[in-house]
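Q:
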Amino acid sequence: MTATSQQSFSIHSVGTLYLVPTPIGNLQDMTFRAVETLKQVDLIAAEDTRNTQKLLNNFEINTKQISFHEHNTNERIPELLDWLSQGQDIAQVSDAGMPSISDPGEKLVAAAIDSGIPVVPLPGANAGLTALIASGLAPQPFYFYGFLNRKTTTQADELAELAQHSETIILYEAPHRLKKTLLAIQAAVGDERPVVLCRELTKRYEEFVRGTVSEVLVWLAEHQPRGEFVILLGGNPQPITNEVSDPLLGLSITDHVDMLIGQGLKPNEAIKQVAKARELKKQAVYAVYHHLNEDN
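If you're matching positions, the sequence shown starts at 1 in full-length UniProt numbering and goes up one per residue.
What follows is the structure, given as structure tokens:
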């Protein structure tokens with residue numbers, strides 16, 4: 001018996017779900033295997049069919065598309081599973097990068113696995129790792145978080161927890177929220193933590209902005225952010241442990257201030273003490289506590 005390739009597109013009792021990465025900017029990063037897979041499957045489930053069509057046109061791929069995004073996940077997954085169960089092969093793609101990373105692919109994958117449908121991942125472009133290896137920060141261990149919550153109070157809680165990680169942290173952010181997010185990072189980790197902004201990865205105007213949090217904020221004040229950003233935050237060299245003498249430091253900034261107010265301090269004095277305990281600027285703690293810079 002001769003060995004056969006795992007990647008087969010003949011008719012089976014059930015189909016296969018292929019997870020196909022797409023370029024994050026430079027079309028030359030599309031792999032031969034990805035092109036061949038998209039040509040051979042019966043259907044492509046795309047985050048944005050208009051965006052993916054440009055990619056398909058470039059590589060002369062004529063496979064039919066169907067939309068699959070965060071707003072139609074619940075109705076689309078049963079349809080895709082039905083087609084897969086009938087023996088059709090489906091490729092799922094994001095607008096850029098790896099499926100399932102910051103897109104609804106994870107739900108489709110879980111549903112396919114639960115239904116006994118084979119899932120085949122293809123390797124390819126990823127913005128977080130591409131940024132990490134050229135950042136100058138420690139590439140391992142790293143902690144991928146992706147997009148922070150947009151609600152200011154929830155985001156502050158997330159960053160308070162992330163601030164204690166000793167690993168390099170990978171975040172994603174849109175240009176119009178970049179300043180607000182960096183100010184929230186400043187409130188959580190202070191001015192001196194190393195940070196790297198990465199924009200337009202693999203494209204003509206690819207750029208890395210390296211410095212401390214305060215230095216990068218100065219750069220941001222002088223430049224208009226364009227393109228999707230990867231934010232790399234240096235790890236905490238002295239994270240707070242459970243053995244810390246002040247357990248309040250393990251709380252979020254907002255909860256820390258509220259706890260001191262509950263103990264009888266006035267709000268401004270509580271904010272001052274929290275800033276001193278965490279070695280942060282009073283203005284930064286004030287902004288987090290009073291939910292300043294909220295998105296409209």
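Heads up, the beta-carbon is just placed ideally off N, CA and C, and yes, glycines get one too.
Tell me the DSSP secondary structure of Val195 in three-state form.
A: Three-state DSSP puts Val195 in a strand.
Q: Please report the straight-line C-alpha distance between Gln28 and Trp83, rounded to a whole angstrom.
A: When rounded, the distance between both Cα atoms is 31 Å.
Q: Assuming contact is defined by CB atoms lying nearer than 7 Å, are Ala125 and Pro21 in contact in what I supplied?
A: A contact, by the Cβ cut-off of 7 Å.
Q: Hey, out of Lys203, Pro237, Tyr145, Ile231, whose CA is closest to Lys179's CA?
A: Taking only the C-alpha atoms, the option nearest Lys179 is Ile231.
Q: Val120 and Thr16: beta carbons closer than 7 Å?
A: Taking 7 Å as the Cβ cut-off, Val120 and Thr16 qualify as a contacting pair.
Q: May I ask which residues mark the beginning and end of the beta strand (DSSP E) holding Ala46?
A: Here the beta strand (DSSP E) through Ala46 covers 43-46.
Q: Which residues does DSSP pair with Gly234 in a beta bridge?
A: Looking at the DSSP assignment, Gly234 forms no beta bridge with any residue, so it has no partner.
Q: Please report the straight-line C-alpha distance between Ala188 and Pro237, rounded to a whole angstrom.
A: Cα to Cα, the separation comes out at about 15 Å.
Q: Ser214 by DSSP, collapsed to three states: which one?
A: Note: Ser214 maps to helix in three-state DSSP.
Q: For Glu207, which beta-bridge partners are listed by DSSP?
A: In the DSSP output, where bridge partners are listed per residue, Glu207 has Arg199.
Q: For the stretch 125-163, list the beta strand (DSSP E) runs that are entirely contained and at least 3 residues long, ordered along the chain.
A: If we require 3 residues or more, the beta strand (DSSP E) runs fully inside the stretch 125-163 come out as 142-147.
Q: Rounding to the nearest angstrom, what Cα-Cα distance links residue 304 and Ile117 in this structure?
A: With the chain covering only 1 through 296, there is no way to say anything about residue 304.
Q: In three-state terms, what does DSSP make of Ala174?
A: Coil, per DSSP.
Q: Among the residues of its own chain, which have a CB less than 8 Å from the CB of Thr52, if the five just before and after it don't count?
A: Answer for Thr52: Thr22, Ile44, Ala46, Gln65, Val93, Asp95, listed in chain order.
Q: In whole angstroms, what is the alpha-carbon distance linking Tyr289 and Ala131?
A: Between Tyr289 and Ala131, the C-alpha separation is close to 32 Å.
Q: In whole angstroms, give me the CA-to-CA distance for Ala138 and Leu171.
A: Using only the alpha carbons, I get a separation of about 15 Å.
Q: Since Phe229 sits in a beta bridge, which residues does DSSP pair it with?
A: DSSP output for Phe229 lists Glu173, Arg199 as bridge partner(s).
Q: So Gly235 and Glu167 are in contact, right, with Cβ under 8 Å, and what is the actual spacing, rounded?
A: Right, their Cβ atoms sit about 5 Å apart.
Q: With DSSP run on the structure shown, which of helix, strand or coil describes Val285?
A: Of the three classes helix, strand and coil, the one that applies to Val285 here is helix, per DSSP.
Q: Between the beta-carbon of Arg199 and the beta-carbon of Phe229, is there less than 7 Å?
A: Yes, these two residues count as a Cβ contact at 7 Å.
Q: Grouping DSSP H, G and I as helix and E and B as strand, with all else coil, what is Leu280?
A: Leu280 falls in the coil class under three-state DSSP.
Q: Residues in its own chain within less than 8 Å of Pro123 by CB, not counting five upstream and five downstream?
A: Closer than 8 Å at Cβ, skipping near neighbours: Pro21, Thr31.
Q: Please classify Thr37: does DSSP put it in a helix, a strand, or coil?
A: Thr37: helix per DSSP, three-state reduction.
Q: Relative to the C-alpha of Tyr143, which residue among Ala163, Leu249, Lys151, Thr152 is closest?
A: The option with the nearest alpha carbon to Tyr143 is Ala163.
Q: I need the boundaries of the alpha helix (DSSP H) containing Ile261, first residue and last residue.
A: Segment 253-262, the alpha helix (DSSP H) holding Ile261.
Q: Could you pull out every residue in the same chain whose Cβ sits closer than 7 Å to the Cβ of Ser102, ignoring the five residues on either side in sequence?
A: Excluding positions up to five away in sequence, the list reads Gly146, Phe147, Tyr172.
Q: The alpha helix (DSSP H) that contains Leu55, what's its start and end?
A: From DSSP, the alpha helix (DSSP H) with Leu55 extends over 49-58.
Q: Report the CB separation of Ile77 from Lys107 in whole angstroms; it is logged as a contact under 8 Å.
A: About 6 Å; that satisfies the 8 Å criterion.
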